[in-house]
Amino acid sequence: MENFELFSEKEIKDEIIRFSKVLYEKGLITALGGNISARLPRAGEFWITPSQVFKGALKAEDLVKLTLDGEIVEGLLKPSIEWPMHAAVYRVRPDVNAIVHAHNPMVLGLTLAGKKLKTTITDEAVILLRRVEEVEFKFPGTSYLAEAVASVASKGVRAIILKNHGVLGLGTNLLEAEAIVELLEAIATIEFVCYTLGAEPSEVPPEEIEVAKKYWGI
Amino acid sequence: MRCYRRKLCYVDLTKERVEILDISDSDIINFIGGSGLAAKIIFDLVDPKIDPFSSENVLTFMTGPLTGTIMITSARFTIAAKSPLTNGWGEAHSGGFWGVELKKAGYDGLVVTGKASNPVYLYIYDDKVEIRDAEKFWGLDTYTTDVKLKEELGDSIRCGIIGPAGENLVRMAGIFFDVRPDGPRVAGRCGLGAVMGSKNLKAIVVKGSGKVEVDDPIKLKDYLKRIIPSIMSFPTTQLYSTYGTPTEVEPLYYYGNLPIKNFSIGLWDNALNLRAEAVAEKIVKGHRACFNCPIGCWRYVDCEVDSEKIIGRAIEYESLGALGSLLMIDDPARVARLHQLCNKLGLDVISIGVTIAWFIEAYEKKMVDESFLNECKPSWGDHRFVEEMIKLISEKKGIGSFLSNGVRIASKMVKGSESFAMHSKGLELPMHDPRAFKGMGLQYATSNRGACHLYGFVLRVEQGERVIDLGIHERVDRFDTEGKAKIVAIMQDWSEVVESLGVCKFLQITPGHLASIYSLATGLKIMVKELHEKGTRIFTLKRLFNLACGMSKADDSLPDRITKEPLKEGGAVGQVIELEKMLSEYYNYRGWNKDGYPKRGTLEKLKLIKYIEESRYEVYRELLKKADSNE
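Quick mapping for you: the protein sequence lines, in order, are chains A and B.
Count along the first sequence from 1, then add 10; that gives the number in our numbering.
Count along the second sequence from 1, then add 530; that gives the number in our numbering.
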């Protein structure tokens, strides 16, 4: 079956640039940290942000196009050091065409404080996030991290927390991946407020998440 | 490829002839520039069987494609020849401004052959290349020579100079650049100053009016601006900027890596008197930086010791070790005075320190006949004795003549002393005791120029750094030996790339970023993997030269002190280097046979067979037969 492509390659690159700026301005990626990639549906090549370049003001010409083996197809800058992690996810998830790796401070703060993020506190989270998986710390850029993330991603999740590091949002396109990263931070903020006020965040009524529990195993 | 000038200046001192030749595309593609191109030139032109002091030896001064460009820390260049210390591949490097000036004059490199009948200096000003009389400079120290040349030719020139040690063919003599007012920068290792002296060449004066361009200056500038925050925030960059290389003294002392008393003991807390803060407080009066360098590791010393002014670059980690802890001298000002003396007389501080330390130990062990000595008796911590020895060595007088050949030759003449003669392939060990970082032991043993700390500097990996772009993802234990072979080979080959590009290894830039910069500067699209392969090719070509010079597996060695004598105390207590085990793993990883000859398949993969087949020297084809017969 032919793919109906919603985004052209140029649009994909423009979206990566746009989301880098948005995420930077929201404080979800730092000046040099975080990275974003996207590909045409099921393509064996993907575009990724460059390594150690200020993420708040990227240009389309800064992006690098790589094969899943890391060979540079287009672009002259060094690709993000995390390219093996992105490639590993694309290999195991043909449905994923975009990955946003951010350094969400609230999500990390709660996780490092030993709080497990609850995805049942808002209806939006139930629907969009469903399940969130965690990956133990592995050094950034290493094959070990790529393998660990791919192993978790292969379970079908769209939101992954990398302990002491950041989060991953996976989507069929960049809008979805970005929405997941933002939502993770939003619910972490809500939960933080609850904990700060001394309360356990309460869940949406059970009958509302019955479907989620039954079918999605939350 | 606009960052290359595409021209080499050949000077034959015997025939008094200057020729400007083009560099071929294939040499640029296969050997990059700098150290890589120097290796190709030496491979092409030097008969491996010659005496390093013969007029047939070729002395090359090679810049890299990034030298003199807008790339930061792009001051570096390589000097290479057959080494009188190792009798094989010899190379040394320098920063400063001289290499940049050579490139501005329109040349990627200078190749000096033959021998002048009288002392001469070279004067290069763009197209003008002249061999000039240097009789009046002969015998002068490097500082005076620099001042006098500038008096005659103006302050805008850049000079590379040898001191009396180089003139007198002391095998530990270096070449000194940008000597005054703040320097010098020194290409110290492998005795290349003596090769220059053997050609009766006192100095090379360069002035250039051109500009070194790059292929895409706007993009390169933009990229540099944006990656500088990550480069400059790297811990060692910050430390080198703040304290210079002396910053290494204290941490490396605690690792058991700073050599003390000729590598014989692991603890001596007086060494901490040489730590960076003490050096900064006592003798350092400012920073200086090489061309286009934001780090500025170069310390400017200004102090007075025994009514002698010490001014300029006279302190580094290596001199604090070689003229300090190794000889049990714990006063930074005294070390600076000795360092300045070596600078003036034209000597490599590492080789000098190691050779004198060996002599003191041999004397202490009653292996040296008293009649060799004058009133000054060898003893640890005696700066006067060391000063006397430095002077005698540079003049080749008395015991100095015997020591001037370096520790390998000297120790062969003193029975029982070879076990503590600290060298590999004849090059004296730098100030990193490999028992503290075992990969460094393998690195020393296999480095093409002999005991070299810079080609690889794997102790960084053994301290915990990962080099993700080169596939070094795992953290390693510094005392482990397994897996070190691969790490050492990878890092050595990447160092070949860095030295060929003409950037400073103190710049903590990832290989991927460097590949991007090379691409933007040349317009060639090169990835890390391809650059790394070029590094392997260059490393292997130098290996072939060494084998052709008659080296063998036996030369991939370390002193017995390192392989058999564990330190009794300190951060590396109880450790020795298990070299044989690492060596066989290393040969295997590199695709060499058990005797250390690169196999035909390896040479084919590296596209080196063609050069061997076309070489004018039969000895290379014999190597191929040896490799074939012992697969």
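Even glycine gets a Cβ: it sits at the ideal position worked out from N, Cα and C.
query, result
"Selection of the stretch 757 to 778 of chain B by Cβ proximity to chain A, strictly under 7 angstroms", "I757, P759 and S760"
"Interface residues of the stretch 989 to 1023 of chain B facing chain A [CB-CB below 7 angstroms]", "R996, I998 and H1003"
"Exposure of B/F902, with buried meaning 16 or more beta-carbon neighbours within 10 Å", "exposed"
"Alpha-carbon to alpha-carbon, A/I171 and A/V177", "4 angstroms"
"CA-to-CA distance, B/A819 to B/A622, given in whole angstroms", "19 angstroms"
"Residue range of the unbroken alpha helix (DSSP H) whose run includes B/V677", "T672 to L683"
"Nearest candidate by alpha-carbon position, reference B/K634, set B/S947, B/G1104, B/G1053 and B/S739", "B/S739"
"contact_flag[the stretch 956 to 972 of chain B, the stretch 781 to 790 of chain B] where n(CB pairs < 8 angstroms) is 3 or more", "yes"
"Alpha helix (DSSP H) segments (min. 4 residues) lying fully within the stretch 719 to 788 of chain B", "722 to 728, 747 to 762, 765 to 773 and 779 to 785"
"Chain-order list of residues whose beta-carbon lies under 6 angstroms from that of B/P649 (same chain, five-residue window excluded)", "A664, E665, W668, N730 and K732"
"Listed by chain order, chain B residues near A/T152 by CB distance under 9 angstroms", "R996, I998, H1003 and E1004"
"Close beta carbons around B/C1079, own chain, < 8 angstroms, minus the five adjacent residues each side", "P578, K579, K612, N617, G618 and W619"
"Cα-Cα separation, B/E1004 to B/Y651", "51 angstroms"
"Which of helix, strand or coil DSSP assigns to B/F561", "helix"
"Beta-carbon proximity of B/S855 to B/L804, cut-off 8 angstroms", "yes"
"Selected residue, minimal CA-CA separation from B/N935, among B/K945, B/E918, B/G946 and B/H953", "B/H953"
"Chain A contact for B/G1042 (CB, 8 angstroms cutoff)", "yes"
"Terminal residues of the beta strand (DSSP E) in which B/F607 lies", "F607 to K612"
"Contact with chain B by A/I82, beta-carbon distance below 8 angstroms", "yes"
"Own chain, CB closer than 7 angstroms to A/E12, minus 5 neighbours either side, in chain order", "No answer about A/E12 holds up, because its pLDDT of 47 lies below 50 and its placement is not dependable."
"Contact list for the stretch 37 to 51 of chain A against chain B, Cβ threshold 8 angstroms", "A41 and L42"
"Cutoff 8 angstroms: A/F149 Cβ touching any chain B Cβ", "yes"
"Neighbourhood of B/G774 by C-beta, 6 angstroms cutoff - its chain only, sequence neighbours within 5 removed", "C827 and R829"
"C-beta contact flag for B/V988 and B/M943 at 8 angstroms", "no"
"Contact list for B/A1045 against chain A, beta-carbon separation under 8 angstroms", "K88"
"Neighbour-count burial assignment, B/D708, 16 or more Cβ in a 10 Å radius", "buried"
"Beta-carbon spacing of B/W888, B/S941 below 8 angstroms", "yes"
"As assigned by DSSP and simplified to three states, the class of A/E15", "coil"
"Continuous alpha helix (DSSP H) assignments of at least 4 residues falling wholly in the stretch 13 to 92 of chain A", "19 to 35"
"Chain A contact residues for B/K1055, given Cβ-Cβ distances below 8 angstroms", "I82 and L86"
"Local conformation of B/E807 per DSSP, three classes", "helix"
"Touch test, the stretch 548 to 563 of chain B against the stretch 1052 to 1068 of chain B, Cβ-Cβ under 8 angstroms, three pairs minimum", "yes"
"Endpoints, alpha helix (DSSP H) assigned at B/C872", "P862 to L875"
"Bridge-paired residues (DSSP) for B/F987", "Partner(s): none; B/F987 has no beta bridge."
"First and last residue of the uninterrupted alpha helix (DSSP H) at B/Y651", "Premise fails: B/Y651 lies in the beta strand (DSSP E), V650 to Y655, not in any alpha helix (DSSP H)."
"Beta strand (DSSP E) segments (min. 3 residues) lying fully within the stretch 88 to 157 of chain A", "108 to 112 and 142 to 145"
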